[in-house]
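Per the numbering used here, the sequence shown starts with residue -5, numbered consecutively. These notes concern the structure reproduced below.
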Amino acid sequence: MVAEELICHYSGLPSPLWYEEQSTRQKKNVAFTPQDLNRIIEMAWEDRTPFDAIFIQFGVKESEVKDLMKKNISLSSYKRWRIRVGKCHTKHAGKRAQGINRFKCNLQRHISLNKVSKRP
């Protein structure tokens, strides 16, 4: 499917077809590379990165992110992270301020799905 068809022309957000494609990818049990797994954990650890951004880039739902974190970090770190995420209003799109509909800073370089601009 062409990438342009997966973006809504009016809002610029992913279309329902994009979400269907992501769920199909998840059903295939795609294994993540160590770099992807590291980036998912890093994004989950950041307070300002919502779970929606992780889903858009990697196709991983919030519950799956929690499972990945539990498997890949120490138990004490996982417990501390869960407490912090529960209190953090920027981590969940529903709890964010009404005017914020993006998941990156306006000054940050363009991030295109899995292409991480912070690293070489």
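Here a beta-carbon is modelled for each residue, glycine too, at the ideal position from N, C-alpha and C. A quick note: this is a predicted structure, and the numbers were derived from the prediction, not measured.
Query raised in the report: Which full runs of the alpha helix (DSSP H) of 4+ residues lie inside the stretch 27 to 73, going along the chain?
Result: 28 to 39, 45 to 52 and 56 to 66
**Report entry** Residues of its chain near V54, where Cβ-Cβ distance is below 8 Å and the 5 sequence neighbours each way are ignored
**Finding:** Excluding sequence neighbours, V54 sits near Q20, I34, I48 and L62.
Query - Nearest residue (CA-CA) to Q29, options F52, D46 and K60 - result: F52
Report task. Could you tell me the distance, in whole angstroms, from the CA atom of N172 to the CA atom of L7? Result -> A query on residue 172 cannot be resolved here, the shown segment of the chain reaching from -5 to 114 and no further.
Query raised in the report: C82 and D41: beta carbons closer than 8 Å?
Result: yes
Query raised in the report: Taking Cβ to Cβ, would you say V59 is nearer than 8 Å to A25?
Result: no
Query raised in the report: Could you give the distance in angstroms between the alpha-carbon of T75 and the alpha-carbon of S68?
Result: Looking at the sequence provided, one finds Trp at residue 75 rather than Thr. Rounded to the nearest angstrom, the two C-alpha atoms are 10 Å apart.
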